Amino acid sequence: MPVTGARRLPALQGRLVATLFFEPSTRTRSSFELAAKRLSADVSSFSPSSSSLSKGESLLDTARTYVAMGADMLVVRHRCTGVPRQLADALERTGERTVILNAGDGLHSHPSQGLLDLYTLAYHFDPANPLPEALQGRRVLIVGDILHSRVARSNLWALSACGADVVLCGPPTLVPDAFADFLAEPPPGQTMDPVAQRGSLTICRDLDEALSGADAVMTLRLQKERMRQQMLTDLYRYHRDYGLSHERLARCGASIPVLHPGPVNRGIEMSGALLDDLSSNLVESQVSNGIPIRMALLYLMAAAESSVDSPPLG
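Here is the structure:
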């Protein structure tokens, strides 16, 4: 079985982790908070609606307030690209050593989701040895709203770094042709690509064709809150062309794992019957795997920033 991270460990005892989420979240926020608590850290949960932001306080001053209260780590989600990086740079300039973890920024990236998706797939392909090598040469299909998805971008970098061949599928308004060159530029924050040989990236407009050769498929939520008008006008037609169901998978001869980072719009990205069939999808495994993956991130980031020897995780 996948790791659940249920055992409490003393690794971060005496540390304070603050979750600063400026966008709604169920899975990521709860997962980070549970991860911190299972490492024996104290947790402070920030709520924008009841904070001094409504009184005009800046985001940076909000972060500094938590630092002044002794926060060792800030887990930050924001609708604007680059906010976690900007906070980290601003705090570093004032001599603060508080760790900033990116829990999702705009359309840019969602690093911890990318890592837990890698682990979920690696465990599926090789439960005895769920390492990146398990993804080498695998064909992973990502379907849906790629344009507005930070999850897709993180998975593109992560999957290709492990040697997986990624296929994107969706209408041109949500999967622009320009995404075919996404991996041609260095990853964010890098002057050159640290990965010598990546897997390939292609675009396929026909979902049935793409499914026929896939080893796994991830479907993504339609982020209607980020869309301009006329990008998507007919949800019925979208589900017909790009929605997953038992019937579609069977028709394509695709006995493959189905992933979704959540939240799921039932009957749009996938049928309710497929979502409820835990033998056919890995959605709940993604959620449960998020806790130990984020435990590892918190532990490693704390250890990297501290000269004090931390107790071993195991």
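For the sequence shown, the tail end lands on 524 under our numbering, and the numbers increase by one without skipping. Heads up, the beta-carbon is just placed ideally off N, CA and C, and yes, glycines get one too. Computed from a predicted structure; not experimentally measured.
Could you say which of G409, Y446, L484 and S422 lies nearest to C462 if we only look at CA atoms? As a first step, residue 462 is located in the sequence shown; it is residue number 252 there, counting from the start. Among G409, Y446, L484 and S422, the Cα nearest to that of C462 belongs to S422.
Whose C-alpha, out of H358, L301 and S260, is nearest the C-alpha of C290? On the sequence shown, residue 290 is found 80 positions in, with the first residue counted as 1. When each option's Cα is compared against that of C290, the closest is H358.
Judging by CA-CA distance, which residue of T412, L326 and R225 is the nearest neighbour of V497? The residue you call residue 497 lines up with position 287 of the sequence shown. Closest option to V497, Cα to Cα, is L326.
Could you tell me the distance, in whole angstroms, from the CA atom of Y509 to the CA atom of G314? For this step, residue 509 is matched to residue 299 along the sequence shown. For this step, residue 314 is matched to residue 104 along the sequence shown. Between Y509 and G314, the C-alpha separation is close to 19 Å.
Could you compute how far the alpha carbon of M480 sits from the alpha carbon of S455? Here the question's residue 480 lines up with position 270 in the sequence shown. Here the question's residue 455 lines up with position 245 in the sequence shown. About 6 Å.
Would you decide whether G215 is buried or exposed? Buried here means 16 or more other CB atoms lie within 10 Å of its CB. Counted from its first residue, the sequence shown places residue 215 at position 5. With a pLDDT of 47 at G215, under the threshold of 50, the modelled position of that residue is not reliable, and no figure is offered here.
Cβ of D425 within 8 Å of Cβ of R476? Here residue 425 refers to the residue found at position 215 when the sequence shown is read from its first residue. Here residue 476 refers to the residue found at position 266 when the sequence shown is read from its first residue. Taking 8 Å as the Cβ cut-off, D425 and R476 do not qualify as a contacting pair.
Relative to the C-alpha of Q433, which candidate in V474, L459 and Y452 has its C-alpha closest? If you number the sequence shown from 1, residue 433 lands on position 223. That would be V474, whose Cα lies nearest to the Cα of Q433.
Would you mind reading off the limits of the beta strand (DSSP E) that contains V470? Position 260 of the sequence shown holds residue 470. The residue asked about is misnamed: residue 470 is His in this sequence, not Val. Counting along the chain, H470 falls outside any beta strand (DSSP E), and DSSP gives it neither H nor E.
Examine the Cβ distances between the segment 241-258 and the segment 292-310 and report whether three or more of them are shorter than 8 Å. no
Three-state secondary structure assigned by DSSP to A426: The residue labelled residue 426 in the question sits at position 216 within the sequence shown. A426 falls in the strand class under three-state DSSP.
The segment 334-349 touching the segment 291-303, judged by at least three CB pairs closer than 8 Å: no
In chain order, what residues of the same chain lie with their CB nearer than 6 Å to the CB of A374, ignoring the 5 residues before and after it? Taking the first residue of the sequence shown as 1, we reach residue 374 at position 164. These residues qualify, in order along the chain: L345, R348, V350 and G409.
Tell me which residue opens and which closes the alpha helix (DSSP H) that S241 is part of. The sequence position of residue 241 within the sequence shown is 31, counting from 1. It spans R237 to R248 - the alpha helix (DSSP H) in which S241 sits, taken as one unbroken run.
Cβ-Cβ separation, V353 to T429 (assumed contact under 8 Å), whole Å: Within the sequence shown, numbered from 1, the residue matching residue 429 stands at position 219. Within the sequence shown, numbered from 1, the residue matching residue 353 stands at position 143. Between V353 and T429 the Cβ distance is about 5 Å, and since that is below 8 Å, they are a contact.
Contact check, I356 vs L378, beta carbons under 8 Å: Here residue 356 refers to the residue found at position 146 of the sequence shown. Here residue 378 refers to the residue found at position 168 of the sequence shown. In contact: I356 and L378 (Cβ atoms closer than 8 Å).
Beta-carbon contacts of F389 that lie in its chain and below 7 Å, excluding the five residues immediately before and after: For the purposes of this step, residue 389 is taken as residue 179 along the sequence shown, with counting starting at 1. Excluding sequence neighbours, F389 sits near I356, L378 and I413.
Simplified DSSP assignment, three categories, for M511: Here residue 511 refers to the residue found at position 301 of the sequence shown. Helix.
Bridge partner(s) assigned by DSSP for D451: Within the sequence shown, numbered from 1, the residue matching residue 451 stands at position 241. In DSSP, D451 forms no bridge with anything.
Rounded straight-line distance, which links the Cα of I501 to that of H334: By 1-based counting over the sequence shown, the position of residue 334 is 124. By 1-based counting over the sequence shown, the position of residue 501 is 291. If you take the alpha carbons of H334 and I501, they lie about 17 Å apart.
Taking the alpha helix (DSSP H) that R458 falls in, what are its first and last residues? Start at 1 with the first residue of the sequence shown, and residue 458 comes out as number 248. Start and end: H456 to R461.
Report the CB separation of A281 from L226 in whole angstroms; it is logged as a contact under 8 Å. Start at 1 with the first residue of the sequence shown, and residue 281 comes out as number 71. Start at 1 with the first residue of the sequence shown, and residue 226 comes out as number 16. So it is a contact: roughly 5 Å between Cβ atoms.
Roughly how far, in whole angstroms, is the beta-carbon of R287 from the beta-carbon of S319, given that I think they are within contact range, below 8 Å? Here residue 287 refers to the residue found at position 77 of the sequence shown. Here residue 319 refers to the residue found at position 109 of the sequence shown. Going by Cβ atoms, the distance from R287 to S319 rounds to 11 Å, so no, they are not a contact pair.
According to the neighbour-count rule (16 or more other Cβ atoms, all chains shown, within 10 Å of its Cβ), is A338 buried or exposed? Indexing the sequence shown from 1 puts residue 338 at position 128. Exposed.
Best match in S495, R458 and L507 for proximity to L484 [C-alpha to C-alpha]: As a first step, residue 484 must be located in the sequence shown, where it is residue number 274. Out of S495, R458 and L507, R458 has the C-alpha closest to the C-alpha of L484.
What first and last residue would you give for the alpha helix (DSSP H) that runs through L270? The residue labelled residue 270 in the question sits at position 60 within the sequence shown. Its alpha helix (DSSP H) spans residues L269 to A278.
Taking the alpha-carbon of Y448 as reference, which of S495, L384, A460 and L469 has the nearest alpha-carbon? Taking the sequence shown and counting its residues from 1, one reaches residue 448 at position 238. Closest by alpha carbon: L384.
Beta-carbon proximity check, A245 vs Y276, cutoff 8 Å: As a working mapping, residue 245 is identified with position 35 in the sequence shown. As a working mapping, residue 276 is identified with position 66 in the sequence shown. Not a contact, by the Cβ cut-off of 8 Å.
Expressed to the nearest angstrom, what Euclidean distance is found between the alpha-carbon atoms of S516 and M283? Here residue 516 corresponds to residue number 306 of the sequence shown, with the count starting at 1. Here residue 283 corresponds to residue number 73 of the sequence shown, with the count starting at 1. Cα to Cα, S516 sits roughly 12 Å from M283.
Please work out which residues of its chain come closer than 6 Å, Cβ to Cβ, to Q223, disregarding the five sequence neighbours upstream and downstream, and give them in chain order. For the purposes of this step, residue 223 is taken as the residue at position 13 of the sequence shown. Taken in chain order, the residues that qualify are S250.
Can you tell me which of A464, A371, V293 and S261 puts its alpha carbon nearest to the alpha carbon of G324? Here residue 324 refers to the residue found at position 114 when the sequence shown is read from its first residue. Looking at the Cα atoms, A371 is the closest of the given residues.
Could you tell me the alpha carbon to alpha carbon distance between A406 and P396, rounded to whole angstroms? Sequence index remark: in the sequence shown, residue 406 carries index 196 (1-based). Sequence index remark: in the sequence shown, residue 396 carries index 186 (1-based). Going by the C-alpha atoms only, they are around 11 Å apart.
Mind checking who T229 pairs with in its DSSP beta bridge? On the sequence shown, position 19 is the one that residue 229 refers to. DSSP lists S255 and V285 as partners of T229.
Run of the beta strand (DSSP E) containing G314, from where it starts to where it stops: Translated into positions along the sequence shown, residue 314 becomes position 104. G314 -> beta strand (DSSP E) spans V309 to D315.
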